[in-house]
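Data block below; observations after.
Protein chains: 2
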Amino acid sequence: MPRNTRQRAAVNALLGEVAGFHSAQELHAMLRDRGARVGLTTVYRTLQGMADAGEIDVMRLPSGEHRYRRCSKSQHHHHLVCRSCGATVEVEEPAVEAWADAVARQHGYTDVHHTLEILGVCPACAA
Amino acid sequence: MPRNTRQRAAVNALLGEVAGFHSAQELHAMLRDRGARVGLTTVYRTLQGMADAGEIDVMRLPSGEHRYRRCSKSQHHHHLVCRSCGATVEVEEPAVEAWADAVARQHGYTDVHHTLEILGVCPACAA
DNA sequence: GCGCTTTTGACAATCATTATCAATAACGCG
DNA sequence: CGCGTTATTGATAATGATTGTCAAAAGCGC
Numbered sequence: 005m006p007r008n009t010r011q012r013a014a015v016n017a018l019l020g021e022v023a024g025f026h027s028a029q030e031l032h033a034m035l036r037d038r039g040a041r042v043g044l045t046t047v048y049r050t051l052q053g054m055a056d057a058g059e060i061d062v063m064r065l066p067s068g069e070h071r072y073r074r075c076s077k078s079q080h081h082h083h084l085v086c087r088s089c090g091a092t093v094e095v096e097e098p099a100v101e102a103w104a105d106a107v108a109r110q111h112g113y114t115d116v117h118h119t120l121e122i123l124g125v126c127p128a129c130a131a
Numbered sequence: 005m006p007r008n009t010r011q012r013a014a015v016n017a018l019l020g021e022v023a024g025f026h027s028a029q030e031l032h033a034m035l036r037d038r039g040a041r042v043g044l045t046t047v048y049r050t051l052q053g054m055a056d057a058g059e060i061d062v063m064r065l066p067s068g069e070h071r072y073r074r075c076s077k078s079q080h081h082h083h084l085v086c087r088s089c090g091a092t093v094e095v096e097e098p099a100v101e102a103w104a105d106a107v108a109r110q111h112g113y114t115d116v117h118h119t120l121e122i123l124g125v126c127p128a129c130a131a
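This is how it looks when you write it as structure tokens:
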């Protein structure tokens, strides 16, 4: 069972105030700026734990870095991300979920997960 | 314009003989074993170039490592991968492609790409 | 307050991938 | 074939996000 620590609370609070996706490093820097002394390692661990628990939303950039955000929808969904400025739009399509599960089951696979990211250039950055 | 080099040919030949996905490091080791002296850097560059040209197929594991394979289908497709042994099944679903493009356009995004990976445990490993 | 256990965090380690840059090899041409 | 131009190569160093380490510092039940 997770304990209630000052650090965990700080990360939680921060996620409630910032909009959009941020990397662990960014969130760590923000915490530093607002005076909350939280170690980078702890930020990583906390975010990972929250992600595992489904409390927050993870996204992986092609560079391999992870970005986190508090879920606005509880349902599973995906992201349309601007390659240039990072702006994101949440999208969902139950048919895709259903399809992925069906295909996996068809081949006898179990414990199925999937990731889907759509990358493009947003209208603002296209100019 | 790419030039015809011994190294490029070696990578190409190797990809024609091995089945399944392999990491750049693995392919580099295989080349070493068969006596072809090719630098690791070159293997990376060659694979990346081939991937950009659509000649081979790339897949990204959650760990962040890239695996490559000669395409068996020319069409865009995705993969169902075993989390445990790495076995892969190629799957395709035009509806997903169409949906991704439609969603992106709907939001004004251009130059759209997408990635979709389905992870699970294959029947063999489930036992 | 007292232990027992979890959590923390500064720092080192990992590890695939990328950058560097001088040496080398392709290719077109006469 | 020899040559100059230009792309390619590759040993090595650098990068950079993430993870491991482990002693010190908190939770929490009593």
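Top line first, the protein sequences correspond to chains A and B.
Residues 5 to 131 (our numbering) are what the first sequence spells out, left to right.
Residues 5 to 131 (our numbering) are what the second sequence spells out, left to right.
Heads up, the beta-carbon is just placed ideally off N, CA and C, and yes, glycines get one too.
- Under the 8 Å criterion on CB atoms, residue 126 of chain A is classed as interfacial with respect to chain B.
- Here DSSP, grouped into helix, strand and coil, assigns residue 124 of chain A to strand.
- Looking at the DSSP output, residue 27 of chain A shares a beta bridge with A/71.
- Per DSSP, the beta-bridge partners of residue 84 of chain A are A/93 and A/122.
- Residue-level contact by beta carbon fails for residue 90 of chain A and chain B, as no gap is shorter than 8 Å.
- Taking 8 Å as the Cβ-Cβ cut-off, the region 89-117 of chain B approaches chain A at 93, 95, 97, 99, 100, 103, 104, 107, 108, 111, 112, 113, 114, 115, 116 and 117, given in chain order.
- Residue 120 of chain B belongs to the set of residues whose beta carbon lies under 8 Å from a beta carbon in chain A.
- The three-state secondary structure of residue 42 of chain B, taken from DSSP, is coil.
- Relative to the Cα of residue 86 of chain B, the nearest Cα in the group B/27, B/32, B/34 and B/127 belongs to B/127.
- Residue-level contact check: residue 53 of chain B does not touch chain A, since none of the beta carbons of chain A fall below 8 Å from its beta carbon.
- Using a CB distance below 8 Å, no part of the region 16-28 of chain A faces chain B.
- Within its own chain, the residues whose Cβ lies closer than 6 Å to the Cβ of residue 15 of chain A, once the five positions on either side in sequence are excluded, are 50, listed in chain order.
- Exclusion of the five residues before and after residue 84 of chain A leaves 93, 95 and 122 as the residues of its chain whose Cβ lies within less than 6 Å of its Cβ.
- Counting C-beta atoms within 10 angstroms of its own C-beta, residue 71 of chain A has 16 or more neighbours from the protein chains shown and is therefore classed as buried.
- Residue 73 of chain B and residue 53 of chain B have their C-alpha atoms some 13 Å from each other.
- Under the 8 Å criterion on CB atoms, residue 58 of chain A is classed as non-interfacial with respect to chain B.
- Think of a sphere of 9 Å around the beta carbon of residue 65 of chain B: no beta carbon from chain A falls inside it, the nearest being about 11 Å out.
- In terms of beta-carbon proximity, residue 131 of chain B stays away from the interface with chain A, with every pair separated by 8 Å or more.
- The beta carbon of residue 81 of chain B is closer than 6 Å to those of 94 and 96 in its chain, skipping five residues each way along the sequence.
- Counting other Cβ atoms within 10 Å of its Cβ, residue 124 of chain B reaches 16 or more and is therefore classed as buried.
- Residue 100 of chain B sits buried, since 16 or more C-beta atoms from the chains shown fall within 10 Å of its C-beta.
- For residue 123 of chain A, at least one C-beta of chain B is nearer than 8 Å to its own C-beta.
- Put simply, of B/18, B/6 and B/103 the residue whose alpha carbon is nearest the alpha carbon of residue 37 of chain B is B/18.
- For the region 27-52 of chain A, the set of positions with a beta-carbon nearer than 7 Å to some beta-carbon of chain B is empty.
- Assignment of beta-bridge partners to residue 61 of chain B by DSSP yields B/73.
- Collapsing the DSSP output to three states places residue 117 of chain A in a strand.
- Contact between the region 59-66 of chain B and the region 33-47 of chain B is absent, with fewer than three C-beta pairs closer than 8 Å.
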